[in-house]
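Here the working numbering is used: the first residue of the sequence shown is 115, the next is one more, and so on.
Just so you know, even glycine gets a beta-carbon here, dropped at the ideal spot from N, CA and C.
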Amino acid sequence: MNRRGVDYQGGGVRYIRYNCTVDADRVGYSMLFPGRLTHLHEGLPTTEGTRYIAVSFLNP
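Shown next, in the form of structure tokens:
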């Protein structure tokens with residue numbers, strides 16, 4: 115993974131229903147949230163550089 119301010123600028127996640135933005139830019143950390151409509155979200159644009167992310171889906 116890479117670092118905000120060094121390898122890329124911008125990015126993050128916005129939860130539309132709650133009008134909440136999360137930077138989520140700590141290397142080695144993960145972000146978990148329900149995949150239901152209650153947490154409809156969008157990735158914010160990377161404005162400079164290249165940002166790598168890993169996505170996983172868990173089905174109970």
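Around the beta carbon of Arg150, fewer than 16 other beta carbons lie within 10 angstroms, which makes this residue exposed. Arg165 counts as buried, since at least 16 other C-beta atoms from the protein chains shown sit within 10 angstroms of its C-beta. Going by C-alpha positions, Asp137 is about 10 angstroms away from Gly157. DSSP places Thr164 outside both helix and strand once states are collapsed to three, so it counts as coil. Per DSSP, the beta-bridge partners of His155 are Tyr129.
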